[in-house]
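According to this note's numbering, the stretch in the sequence shown is residues 2 to 453, in order.
Let me begin by presenting the structure, written as C-alpha cells, before commenting on it.
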Amino acid sequence: MEAVILAAGKSTRMKSKTSKIFHSICGKPMIFYVVEALKRYKIHIVANTETYQTLQHLFPQAQIHIQKNQKGTADALNSVIDYIKDENFVVVNGDMPLINTDDIESAKGILEGQKFECVLLTAELENPTGYGRIVRDNYCIEIIEEKNASDEVKKIKEVNSGIYIFNTKAAKLALPKIQMDTISGEYYLTDILKHLKKVEAVRVDSENILGVNTRKQLSQARKILQKRIIERFDNVTFVDDENTYVNYDVTIGDDTVIFPNVHLKGNTTVGRNCIIENGSIIENSVIKDNVHIKPYSVIEESLIKSNCEIGPFAHLRPLSELGENVRIGNFVETKKVKIGKNTKASHLTYLGDATLGEDVNVGCGTITCNYDGYRKNETIIGDRVFIGSDVQLVAPVEIGNDALIAAGTTVTKNVEEFALAISRVPQTNKPGWVKKFRETMEKKLKEEKNAK
C-alpha cells in the first residue's frame with residue numbers, strides 16, 4: 002500500500018508565518034508523526050511551493066509533489082494520483098500527529114477482505130460542531146458538511162476524520178467526476194464517495210483523529226502526545242507526569258526518578274538510577290548512570306559520566322564533558338571544557354575553554370579569563386591542583402600537576418608542578434590604626450561643623 006499526505010494548505014487559522022505542519026510538538030515537526038505512522042508504506046507528500054524544499058530535506062525517503070493551484074483536497078490528490086501504482090493507498094492530512102498505524106492497518110484489512118472501494122475512518126464526538134457528519138445507508142456512506150446539514154443530521158455524533166483507504170483503480174475512476182463547489186471554487190475529496198459503489202466507515206478513538214488547525218488544538222495534541230511518550234517509560238518514576246516534558250527522541254534508563262517541571266529535549270540520553278530534580282532543562286546531552294542533577298540546572302550538548310552531582314542552579318553550556326564523580330555546584334557555569342574524574346567546582350565559578358585533570362579542587366569565585374577581545378584562549382589545569390577562592394586564570398595559561406594557587410591570585414603565566422602561585426599584595430597589620438583614624442575624622446567633622 003502507498004500513502005498520500007496532504008500538506009499543501011495555507012495554515013491561515015494557525016496565524017503563523019510558519020506552516021502548521023512544521024510547528025514543533027515534543028521536539029519534532031508535526032508532520033513527522035504522520036510520516037512516522039506511515040513509514041511502512043511508500044509515502045507521497047503533497048506540498049505547496051513554500052514547503053516543498055523543507056519537506057524534501059526532512060523526508061528524503063518520500064516523494065514530494067507540488068499542488069500548483071491549491072483548489073481543494075480533491076485537487077491535491079489529483080496532483081499525485083498518477084504516481085500511485087499499488088493496489089490500495091491511504092490519504093491522511095499532514096496536520097494529524099496522533100494517527101494510529103493500527104487503525105489504518107485494520108481499515109486496510111477490511112478494504113481488502115470485503116472488496117470495498119473505500120474505507121474511511123470516523124469517530125464519535127460529544128460535540129461534533131464544525132465536523133462533517135457521517136450518514137450511513139448500507140454500503141452507501143455520505144459525508145454532509147455542517148453548513149449543509151439539516152437539524153436532524155446535526156444530531157449525528159459520528160464525524161469524518163479525513164483519513165481514507167482507497168482501492169486505487171476505483172479512486173482513479175471516481176476522482177475526475179468530482180464537481181467544483183460553486184461557492185468556494187474548490188474540489189472536495191469528501192465528494193468522491195458519491196462516485197464509489199461500495200464504501201465502509203470504521204469508527205476509531207476520537208483522540209487519534211485530532212486535526213491541528215489552531216494554537217489551541219496544537220496545545221491539545223502536544224498534551225496527548227506528551228502523555229503517550231511518558232507512558233513508554235514504565236521503567237522510570239515520574240513524580241508528576243502531567244508536568245514533565247520529554248521529547249520524542251529521549252531515552253531514559255531503569256530506576257531513574259524525574260521530578261516536576263523537568264524538560265528533557267532533543268536527543269538526550271539519561272542513564273540508570275539518576276535523579277533529575279525540579280525545573281532542570283537538559284538538551285541534546287548524554288547523562289550516564291547514577292547522576293544527581295539538582296533543581297534548576299541547565300545542561301546543553303554535554304556529556305556527564307557516572308556518579309556526578311550537578312547543581313542546583315548550574316549551567317553546563319555546549320561541549321562540557323565531565324568525568325566520573327565530578328561535582329559542579331550552585332551557580333557554576335561551564336563551556337567547552339573537559340573535566341577529569343573526582344574534580345570539584347562547588348560554587349560561583351566560570352570554566353570556559355579549559356581542560357582540568359583529575360582530583361582538582363576549584364575554589365569559589367574562580368574564573369578562566371578565556372577571551373581577549375579577539376579570540377578564545379585555553380586554560381590547562383593538571384591533576385591534583387588546588388585552586389583557592391577568587392582566582393583569575395588569564396588564558397592562555399597552564400597549571401602543572403599538584404600546583405597550589407593561593408586565594409585572590411591572578412595567574413598570568415604558567416605555573417610549574419608542585420609550585421605555589423601567589424600574586425596578591427602582602428598583608429600589613431597596623432595596630433591601633435582604627436582608633437587614630439576615628440579620632441582624626443571626628444575632629445575634622447567637628448571643625449567643619451563649627452566653621453558653618
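Every residue gets a Cβ at the ideal spot worked out from N, C-alpha and C, and that includes glycine.
This structure is a prediction, so every number in the text was calculated from the model and none was measured.
Under 9 Å between C-beta atoms of residue i and residue j
{"i": "P98", "j": "M181", "result": "no"}
{"i": "N415", "j": "G401", "result": "yes"}
{"i": "T269", "j": "T238", "result": "no"}
{"i": "V263", "j": "Y246", "result": "yes"}
{"i": "Y165", "j": "I193", "result": "yes"}
{"i": "A38", "j": "I105", "result": "yes"}
{"i": "V292", "j": "F260", "result": "no"}
{"i": "R328", "j": "E310", "result": "yes"}
{"i": "N94", "j": "A8", "result": "yes"}
{"i": "N49", "j": "K11", "result": "yes"}
{"i": "I341", "j": "V361", "result": "Inspection of the sequence shows that residue 341 is occupied by Gly rather than by Ile. Going by C-beta atoms, G341 is nearer than 9 Å to V361."}
{"i": "G272", "j": "P296", "result": "no"}
{"i": "S80", "j": "Q68", "result": "yes"}
{"i": "L190", "j": "A108", "result": "no"}
{"i": "V395", "j": "V412", "result": "yes"}
{"i": "I253", "j": "N236", "result": "yes"}
{"i": "T74", "j": "E187", "result": "yes"}
{"i": "K173", "j": "H196", "result": "no"}
{"i": "T380", "j": "E399", "result": "yes"}
Residue i versus residue j: straight-line alpha-carbon distance, rounded
{"i": "I276", "j": "T344", "result": "20 Å"}
{"i": "D255", "j": "L121", "result": "41 Å"}
{"i": "A346", "j": "F33", "result": "41 Å"}
{"i": "G358", "j": "S307", "result": "17 Å"}
{"i": "K72", "j": "K228", "result": "37 Å"}
{"i": "R204", "j": "E278", "result": "42 Å"}
{"i": "F314", "j": "D83", "result": "58 Å"}
{"i": "A124", "j": "D206", "result": "6 Å"}
{"i": "I288", "j": "I300", "result": "10 Å"}
{"i": "V426", "j": "D384", "result": "28 Å"}
{"i": "T356", "j": "Q393", "result": "15 Å"}
{"i": "L112", "j": "E201", "result": "8 Å"}
{"i": "Q509", "j": "I225", "result": "Nothing can be reported for residue 509, as the shown portion of the chain is limited to 2 through 453."}
{"i": "G280", "j": "D373", "result": "34 Å"}
{"i": "K156", "j": "L126", "result": "11 Å"}
{"i": "E284", "j": "V5", "result": "33 Å"}
{"i": "H316", "j": "E51", "result": "38 Å"}
{"i": "E208", "j": "H66", "result": "29 Å"}
{"i": "E455", "j": "D290", "result": "Past the boundaries of the shown model lies residue 455; the chain is included only from 2 to 453, so the question cannot be answered."}
{"i": "N371", "j": "G163", "result": "58 Å"}
{"i": "L446", "j": "G433", "result": "21 Å"}
6 Å CB neighbourhood of residue i in its chain, flanking five on each side removed
{"i": "K456", "result": "Given that the chain is displayed from residue 2 to residue 453, the structure contains no residue 456 and the question cannot be resolved."}
{"i": "L405", "result": "F387 and L421"}
{"i": "I423", "result": "A407 and T410"}
{"i": "C458", "result": "Coverage of the chain is limited to positions 2 through 453, which leaves residue 458 absent and any answer about it impossible."}
{"i": "E322", "result": "L304 and K339"}
{"i": "T215", "result": "R14"}
{"i": "L59", "result": "none"}
{"i": "S298", "result": "S281, I311, G312 and A315"}
Boundaries (first-last residue) of the alpha helix (DSSP H) holding residue i
{"i": "Y34", "result": "M31 to A38"}
{"i": "Q68", "result": "Careful: Q68 lies outside any alpha helix (DSSP H) and carries neither H nor E."}
{"i": "E187", "result": "Premise fails: E187 is in no alpha helix (DSSP H) and is neither H nor E."}
{"i": "Q227", "result": "R216 to E232"}
{"i": "Q57", "result": "Y53 to L59"}
{"i": "D104", "result": "T102 to G114"}
Neighbourhood of residue i by C-beta distance below 7 Å, restricted to the same chain and skipping five residues each side
{"i": "T169", "result": "I85, D87, E88, N89 and F90"}
{"i": "E3", "result": "Y42, K43, H45, I85, D87 and F90"}
{"i": "E143", "result": "V136 and L194"}
{"i": "G131", "result": "E147"}
{"i": "G28", "result": "N248, Y249, D250, K266 and G267"}
{"i": "F332", "result": "F314, H348 and L349"}
Endpoints, the beta strand (DSSP E) within which residue i is located
{"i": "L323", "result": "S321 to L323"}
{"i": "E482", "result": "Residue coverage of the chain in this structure runs from 2 to 453, which leaves residue 482 outside it and unanswerable."}
{"i": "N451", "result": "Taken as a continuous stretch (DSSP letters only), N451 belongs to no beta strand (DSSP E), being part of the alpha helix (DSSP H) at W434 to A452."}
{"i": "S162", "result": "E159 to N168"}
{"i": "I44", "result": "K43 to A48"}
{"i": "K266", "result": "H264 to K266"}
{"i": "A4", "result": "E3 to L7"}
{"i": "L394", "result": "Q393 to V395"}
{"i": "D138", "result": "R134 to D138"}
{"i": "N94", "result": "N89 to N94"}
{"i": "V205", "result": "Careful: V205 lies outside any beta strand (DSSP E) and carries neither H nor E."}
{"i": "V120", "result": "C119 to E125"}
{"i": "V398", "result": "V398 to I400"}
Beta-carbon contacts of residue i that lie in its chain and below 8 Å, excluding the five residues immediately before and after
{"i": "I231", "result": "F239, D242, T245 and V247"}
{"i": "A222", "result": "I26, M31, P98, L99, L211 and V213"}
{"i": "D403", "result": "G383, D384, R385, V386, E418 and F419"}
Considering only residues of the region 327–385, which uninterrupted beta strand (DSSP E) runs meet the minimum length of 3 residues and lie entirely inside it, listed in chain order? 328–340, 345–357, 368–370 and 380–382, all fully within the region 327–385.
Which residue spans inside the region 243–309 form an unbroken beta strand (DSSP E) run of at least 3? Taken in chain order, the whole beta strand (DSSP E) runs of length 3 or more contained in the region 243–309 are 264–266, 282–284 and 299–301.
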